[in-house]
Every structure is written in structure tokens, then in C-alpha cells.
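Undergrad: Please see the structure below; I have some questions.
Protein chains: 2
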Amino acid sequence: MSKSIKLAILGLGTVGTGVVNLINDNLDELKRRSGCNIMISAVGTRRQRDDIDPAITQSDDLMAIAASDDVDIVIEVIGGTTLAKDIITHAIRHGKHVVTANKALLAEHGNEIFALAEENKVHVAYEAAVAGGIPIIKVMREALAANKVNWLAGIINGTGNFIMTEMRDKGRTFDDVLAEAQALGYAEADPTFDVEGIDAAHKLALLASIAFGIPLQFDKVYCEGITGITLQDVNYAEELGYRIKHVGFAVRHQDDNNIASGIELRVHPTLIPEDKLLANVNGVKNAVLVDSHPLGQTLYYGDGAGAGATASAVMADVMDLVRVLCTNEQGHHVPHLAFIPEELSDTPILDAEQMTTGYYLRVHAYDSPGVLANITRILSEAGINIDAILQKPAHKAGQVPVIILTLPVVESQMNSAIAKIEALDTITDKVVRIRLDEL
Amino acid sequence: MSKSIKLAILGLGTVGTGVVNLINDNLDELKRRSGCNIMISAVGTRRQRDDIDPAITQSDDLMAIAASDDVDIVIEVIGGTTLAKDIITHAIRHGKHVVTANKALLAEHGNEIFALAEENKVHVAYEAAVAGGIPIIKVMREALAANKVNWLAGIINGTGNFIMTEMRDKGRTFDDVLAEAQALGYAEADPTFDVEGIDAAHKLALLASIAFGIPLQFDKVYCEGITGITLQDVNYAEELGYRIKHVGFAVRHQDDNNIASGIELRVHPTLIPEDKLLANVNGVKNAVLVDSHPLGQTLYYGDGAGAGATASAVMADVMDLVRVLCTNEQGHHVPHLAFIPEELSDTPILDAEQMTTGYYLRVHAYDSPGVLANITRILSEAGINIDAILQKPAHKAGQVPVIILTLPVVESQMNSAIAKIEALDTITDKVVRIRLDEL
Chain A
2 MSKSIKLAIL
12 GLGTVGTGVV
22 NLINDNLDEL
32 KRRSGCNIMI
42 SAVGTRRQRD
52 DIDPAITQSD
62 DLMAIAASDD
72 VDIVIEVIGG
82 TTLAKDIITH
92 AIRHGKHVVT
102 ANKALLAEHG
112 NEIFALAEEN
122 KVHVAYEAAV
132 AGGIPIIKVM
142 REALAANKVN
152 WLAGIINGTG
162 NFIMTEMRDK
172 GRTFDDVLAE
182 AQALGYAEAD
192 PTFDVEGIDA
202 AHKLALLASI
212 AFGIPLQFDK
222 VYCEGITGIT
232 LQDVNYAEEL
242 GYRIKHVGFA
252 VRHQDDNNIA
262 SGIELRVHPT
272 LIPEDKLLAN
282 VNGVKNAVLV
292 DSHPLGQTLY
302 YGDGAGAGAT
312 ASAVMADVMD
322 LVRVLCTNEQ
332 GHHVPHLAFI
342 PEELSDTPIL
352 DAEQMTTGYY
362 LRVHAYDSPG
372 VLANITRILS
382 EAGINIDAIL
392 QKPAHKAGQV
402 PVIILTLPVV
412 ESQMNSAIAK
422 IEALDTITDK
432 VVRIRLDEL
Chain B
2 MSKSIKLAIL
12 GLGTVGTGVV
22 NLINDNLDEL
32 KRRSGCNIMI
42 SAVGTRRQRD
52 DIDPAITQSD
62 DLMAIAASDD
72 VDIVIEVIGG
82 TTLAKDIITH
92 AIRHGKHVVT
102 ANKALLAEHG
112 NEIFALAEEN
122 KVHVAYEAAV
132 AGGIPIIKVM
142 REALAANKVN
152 WLAGIINGTG
162 NFIMTEMRDK
172 GRTFDDVLAE
182 AQALGYAEAD
192 PTFDVEGIDA
202 AHKLALLASI
212 AFGIPLQFDK
222 VYCEGITGIT
232 LQDVNYAEEL
242 GYRIKHVGFA
252 VRHQDDNNIA
262 SGIELRVHPT
272 LIPEDKLLAN
282 VNGVKNAVLV
292 DSHPLGQTLY
302 YGDGAGAGAT
312 ASAVMADVMD
322 LVRVLCTNEQ
332 GHHVPHLAFI
342 PEELSDTPIL
352 DAEQMTTGYY
362 LRVHAYDSPG
372 VLANITRILS
382 EAGINIDAIL
392 QKPAHKAGQV
402 PVIILTLPVV
412 ESQMNSAIAK
422 IEALDTITDK
432 VVRIRLDEL
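In the order they appear, the protein sequences are chains A and B.
Numbers 2 to 440, taken from my numbering, label the letters of the first sequence in order.
Numbers 2 to 440, taken from my numbering, label the letters of the second sequence in order.
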């Protein structure tokens, strides 16, 4: 008789129900792959559910389940950063391994939670916290374990990518698509976390930590959402051969001796050349592109959300634990943040002003002679190289938008150049700027 | 002082040298990620190398190194299926863990080698054997461990993909591109394994085994290379919105109770719609698309060959082992073929005649009235549905090629329909057929 591993699933929303369904559908597969009996011993839910096997304990006392002797692994899928934190802490203190999909909690309190887990010799696994069903945590922590990561770029918010895709494909406005995304259940009633980039910033903080071996530093992620992107800019970008995507970037800067000197953490809309794979990740799909040495670039693509994808990631973590627990050994061998805790480095996170990207600029000017000459002179004096210019016919009487793409430049330089452009008499509006990454 | 793990690298060709370079470049990263001292204690090479640290033993007695007390992990990168097999077997019998990039050896003798490893309680790791630096073995065995795999489709031979890409992009002939690939070092002097699909079939046998939990069955892979693909067909496919790629497919068939009833293993050129990601994997890049339940489709993309990519995969396997060995525990917890040995299933591998795909047909006929009617009648009587037809103007006096795309059909049905078409008086040549997968 093979050994049994008992799971508690705390929360029976979309993800929790997905996990229950996965176990029902694939129980045979799970046993064949682990040689072990995997069973749900308890579910934590506010109201009793008729569709759950009566042999499984149902209770609304989540803290009791988290500490129960009848549980080996606690799966936290209630979300939020308050009750979830208490439950996970309680489970860890009672020697339970924890699997969670909670990106906000880990991005904000992960350093503390992982330290507690080390202390109690348990593992807190979080594959489902980033990019849904794409196994990017395992890939970064294990598959790329021999590489030095140079940078990564990820489309890691499905709702945001759905909105950007619909705007481009169907010429719809931001507000229109957002309303549909809410109706379809992709976006929350309060879409702030998605459209302001906070959800992506949570995920980026986790990815950056395991890429570079630095503590979680969510508060240092530069974060810009997609609410300011207009159809006009989407169309101009298209005309120039680019697509606007909402992307999270983590970039390692190094000195002349290859020592990390700073890390760029930024989440923002950016123009990407249309023939790059990331530009062709559409709808609610996610993808992460990683550039590392000596491997080069690899890309990981799939569903970034949804019951099935998230359940797949949760249960992959469970399977990792089961495969170890079934051999009577002591736990997981992969460090929480990919690097051993005493080796996490204090490489500084760069300020937004120090970040380097190309730019898309949309400048509105009175159509007077010399305006373009003035703009290009200012850019040139600031050491900013122009890659492309598109001047469209006037769409308001006397006003013409000028679109300029620049080569990469440090943000502080661009800031001062834009201030000078906006000070010109002939400029009628604020300069619209969107970053641009050639990838 | 942290524990030391000693590596032996057997073979100092491109890959072996890549591994040495990786360790030199990233030693600090390896220690930070494992908390462990990783060192090369010996290299096996036919001739003494000056560029190797003199502290490292160099020897041409590979068998002695494989059994040395001064070695924890043996890295086999000599290739081939004879000496490599003896060395790996010898290392296993002496209790060494083995890391290998040898797809041919494992596809042909893996069942025996893995059984010996189980018996000796060591692990034989082979991430580098499939798709170079793309961590597809880890993904399939661990990240997708809770999923039921429905099918996978992979561009898993870089040389073949380079040839197909150049033919399409630059209108070059097969022979012309092959000569360049050989000059660039992508293709061997004897390119048979690449262009006849054998290398891809080796890799597909490994992928299918870990996808479905079946023993390795290389000899049952249906295998067709790219030597028959002409520029003409590449161009017709393009005109119809498809690209021709050389793809390996592993497809699970199931009965009404969702029980696996058969498995399709096939490697061949196929038409793919141009807007699919796999159609846009170009040059020497590899990619594997996996469809599984409940995860859905995920894609893994990167360099399928080269010193850096292969070394990355070899050392990822080493890191997995190091992380376990450093904690004084007994070994690797992931089954060699993803499923525990006693759970491997004997689901039959289907004959080529039972496989189902769409088809691209190129039929040359005298331009006489009624020829198209005859062809479509034959297809219709065979129950084959036509998806598209392209009839080009005559390029030889009196002859017109007719291009037909069909919906999926069982191969045996297509065989008999083609026999009837070829028997028509008006048909002047063999019918050219290439498979087509909408993906």
C-alpha cells in the first residue's frame, strides 16, 4: 500500500474548485506520476458545498484546518493579504508545507513568510502566483539554475493584454474593452490592480527576486498602467511596425567586472516590434521572455489565469512536495527565492530616472515653419537619437501630431528634453510618451 | 565550509567545453543557488588540453573516471551509442549519478539504462537530450505533473528548421541551404540524422514517454524527413497562408471512457497556419507546444542546440542533483520517465495508416476538361473533405498543378484515394503530398 499525502484546500472559489476538479479528473495520473496516494482531507469554505465528496471534512474554521494533524500540505487559495497571511503563518508554525497562488501576499510579505518557513523547515510553494499555468517559477529557480540572468520581459497580466489586443485588433477604445472584460469575468469589478499595473508589479517583484537573488522589493517597482493608452497611439505604433503591450521588465546592470551594479524593475506599456514573439502574445495569454548566459533567450507561453491553468500550477507544486514526502525525506531542496537565503544580494534597485528605454513621443504643434527643427534640435542637444519620425496631416485646424521614435535613452535625459519641448511656443499640448523596447 | 560536489566531464567537444566554460563563468551563481561547492575533479579527453585548470585530472581512461571515488556526478557528452553506453552503465554500477545529452543512446537504450539506474539508486538526467536549452524535460516531468497530456507538437531539430526557414524566407533550394548549414556547423558532414528526421524521432520518443507514461519506443516512431520538400511546395503553401515546418507529434487517442487507446508518434514535414506561434519559430530555434488538461496549451521556445544552450541544460540537471546531494539525502525524486516504473502503460503505438492529419496535395494533370471534377469526385467518395483548392496556370505545356488542402483524414483513406487519382489517364506524375496540422 503506497503512502498517502493529505491536502487541505482553503478557499473554494474559482481556483479552489479548479483544484478539486483537477484531482477528480486526473487522480490516476497523479498516482502514476508520484507512486503515492493523494487525497483531499479537508476543504475550508464559508458555506457547506453539496458537490464535494462527503468523506472530505468541510469547515469554515480555516485556522483549525491549517493546523490539523490530518493535513500534510495546506493549499491557500482565498487571496488577499490579511486572513491569508494569518493562515499561512499558522500552517507554517504547525509544520505544514504550503502551496499558494497569492502573488500580492508574497510580493508584499514574502521575505517574512519565507524566513518563517526556513525556520520551521517547511516549503511555501508559489508557482501559481506568477503567469498562471506557465511554469515560470520552476523554470527560473531550477531549469535556469546554472545561468546568469541578464534580463526578463513578461506579459504577466492577462486582463491588460486582453484590453491592448482588442484595442489593436478591433479598433475599440480602452473603456469599451474594459467593460467587456468585466462582463466576461477577466477583470474584477474594481479593475485597479490590473489596469494600473499593480498585479503585474507583484508578479515582477517575485520574478526579479528569483532571477537575480535579491530580496522581494515590490515597493521599488516602477509601475505604470494602461489607462492612458489611446487608440490613436495604438494606431500610430501599428503604422510604424510596433504593437503596444503592457510588459514587466527586470534588467540587471553590471559594472566593468560583470558585478551587478543595479537592477531595473519596471512595469509599463511599451512598443515592441511586430515581428517579435512577445508582440504576438494576444488576448488573455501570458508569456515571459528570459535572456540569460549562456543559454540565450527562451520564451514561456500559455494561459496566465483561469481555473484550469491555476489549478495545474498549484498541483505541480503539490506534486513536487509529494514526490519528496513519499520518500520519507525532509522537504524541498530548492531555495524559496532560488538562491540560498544567506546569498541574497543587496544590489540596488534603480530609480525610474536611471532607467533606459527607447521612447514613442506624440507631440502636438501649431503647423508653423521650424517646429520640427526645434524639436529635433532639443532632442539632439540632449543626446537623444531619433529612430523614426511620422508627421501626419493636421486633424485639428492648425495642429499636427508629430510621432517620434527614439533610440534608448536614460529617463532623466528624456524628462528634461520633454520639458524643453513643452516650453516651445508652438507646442499646444503635453507630450504623450510611451516607452519602447526593441527586445 | 559548505559541502563539495565533484563532477567528471567525459568528452571535451563543443558541449563538454561549453560545460567547462559555464562553470568558469557562473561559479559564483552556482554556489549562490545551491549553497554548495561545485567543482570539476576530472575531464575525460583523448588529448591533453592546455586550457584546462591544472588542478583538474585529465585522462583518456574514461571508464576509470566514471568509476572514480573522486567523482559524484558523471557528465557524458561524448555522444554515440556504443562507448557512451558502456561508460554510463559502468558509472551507474559504481553508484554515480549521470547527466547526459545523448538522445540517440536514451531513445534506443533508455529503458535498460533507467532500469539499471533504479536498481542502483542513482539518477540519469537528460534535459540536454531534447530541445537543447529549452527545459522541456523538466517542464513535462515536473511542471505538468498534474496534467493529462493530450498531445504535443515540437520543432525539435534546429538544422531542419534552419533549412525550412531559409527556403521560405529567401527562396533558396534545399541543397543550397543544406550546404550552407554544413559550412556553418549546424549540420553534420553526414546530415542524415537531421534531414531524414531521425534526430527528431529520437527526441520525440523521449518526449512521448514522459508525456504519456509509456516505455521508450523509438522504433515505432513514423519518421519522414525534409529531403522531398521543394521550393515549389513551400511557395504554394505560403500562398495559401501556411508554412511548412518539420514537426514531431505525439498524440494520445482515447476511448469513450477517456482511457488511452493508442498513441500516434510521427515526425514529418507539415503545413501550419502562418499565424500560429509554431509557424513563426525560425532558423535554428526549437519550440514545443503542449496541450494538456486542465492547463490548456503552453509553448516553450529557445535555442535547440549550441554550446551555451546545451551546457545550460546539462548544468540544470547537475544543479537538481547538487541541491539534493548537499542535503545528505539519497537522490532524485522525479521518476526517470515522469511516471513511476511500475505504472508505465502498454498503450499501443498506432501504425502510420491509422494516423489522422490534413493533407496538402499537389497533382499534375493534363489540362483537359473534367480533370478537377474527377479528382474531387474521388476525394468525396473516399469521405475526404476539401478545405481549399488552388489551380495555377500551366507551367509546362499542357500541364497544370492543382493544389488541394484537405481536412483531417485517416492516412489509409488518403492512400487509397491517391492511388485512384494517380490511376487517372489525365494525371501525369505522382501526387505530391505533405501533411497539414491546423494546431
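The beta carbon of each residue, even a glycine, is placed where N, CA and C say it ideally should be.
#1: At the 8 Å Cβ level, is B/H294 part of the contact set with chain A, yes or no?
#2: By a C-beta neighbour count over all protein chains shown, 10 Å radius and 16 as the cutoff for buried, is A/P55 buried or exposed?
#3: Count the other CB atoms within 10 Å of the CB of B/N258; is the residue buried (16 or more) or exposed (fewer)?
#4: Label A/A280 either buried or exposed according to how many other C-beta atoms from any shown protein chain fall within 10 Å of its C-beta, with 16 as the threshold for buried.
#5: Examine chain B for any beta-carbon lying closer than 8 Å to the beta-carbon of A/L153, and answer yes or no.
#6: State the DSSP-derived secondary structure class of B/L296, mapped to helix, strand or coil.
#7: Which partner residues does B/C224 have in the DSSP bridge list?
#8: Which residue from A/D177, A/V150, A/G96 puts its Cα closest to that of A/G297?
#9: To the nearest angstrom, report how far apart B/D321 and A/L145 are at their CA atoms.
#10: Are the C-beta of A/P270 and some C-beta of chain B separated by less than 8 Å?
#11: Got a sec: which bits of the segment 300-315 of chain B sit with their beta carbon under 9 Å from any beta carbon on chain A, in order along the chain?
#12: What number of angstroms, rounded off, separates the C-alpha of B/T358 from the C-alpha of A/V72?
#13: Go ahead and pull the three-state DSSP assignment for A/P216.
#14: So what does DSSP say about A/M320, is it helix, strand or coil?
#15: Return the CA-CA distance between A/V285 and B/L11, expressed in angstroms with no decimal places.
#16: Closer than 8 Å, CB to CB, is A/M165 near chain B or not?
#17: In chain E, which residues lie less than 8 Å from B/D26 when you measure between Cβ atoms?
#18: In chain order, what residues of the same chain lie with their CB nearer than 7 Å to the CB of B/E109, ignoring the 5 residues before and after it?
#19: Look up B/T358 in the DSSP assignment and say whether it is helix, strand or coil.
#20: Drop a sphere of 10 angstroms on the beta-carbon of B/N158, count the other beta-carbons inside from all chains shown, and report buried for 16 or more, exposed for fewer.
#21: Closest to B/P349 by CA distance: which of B/A129, B/H254, B/I79 is it?
#22: Buried or exposed: B/N416, going by 16 or more other Cβ atoms within 10 Å of its Cβ?
#23: Run through DSSP, which three-state label would A/I57 get?
#24: To the nearest angstrom, how far is the alpha carbon of B/V21 from that of A/V325?
#25: Using a Cβ-Cβ cutoff of less than 6 Å, which residues in the same chain neighbour B/Y237 once the five nearest sequence positions on both sides are dropped?
#26: To the nearest angstrom, report how far apart B/S293 and A/I385 are at their CA atoms.
#27: Between B/A310, B/A180, B/H247, B/E128, which has its C-alpha nearest B/A201's C-alpha?
#28: Under 8 Å by Cβ, that's how I've got A/G134 and A/G303 pegged, so tell me the actual separation to the nearest angstrom.
#29: Are the Cβ atoms of B/L107 and B/Y127 separated by less than 8 Å?
#30: Excluding five sequence neighbours on each side, which residues of the same chain lie with their C-beta closer than 7 Å to the C-beta of B/T429?
#31: Need the endpoints of the alpha helix (DSSP H) that B/V235 sits in, please.
#32: Thinking C-beta only, is B/I88 closer than 8 Å to B/A65?
#33: How far does the beta strand (DSSP E) with A/N407 in it reach, from first residue to last?
#34: Report yes if the CB atom of A/A212 is closer than 8 Å to the CB atom of A/V222, and no otherwise.
#35: Tell me B/L391's beta-bridge partners as DSSP assigns them.
#36: Which residues in the same chain have their Cβ closer than 8 Å to the Cβ of A/K431, if we skip the five residues on either side of it in sequence?
TA: Quick answer:
#1: yes
#2: exposed
#3: exposed
#4: buried
#5: no
#6: coil
#7: B/V268
#8: A/V150
#9: 11 Å
#10: no
#11: L300, Y301, Y302, G303, D304, G307, A308, G309, A310, A312, S313, A314, V315
#12: 47 Å
#13: coil
#14: helix
#15: 46 Å
#16: no
#17: You won't find chain E in this structure, because its protein chains are A and B.
#18: T82, F219
#19: strand
#20: buried
#21: B/H254
#22: exposed
#23: coil
#24: 31 Å
#25: I404
#26: 48 Å
#27: B/H247
#28: 5 Å
#29: yes
#30: H365, A366, Y367, Q400
#31: 232-240
#32: no
#33: Sequence check: residue 407 of chain A is Thr here, not Asn. Start and end: 400-411.
#34: no
#35: B/I404
#36: E423
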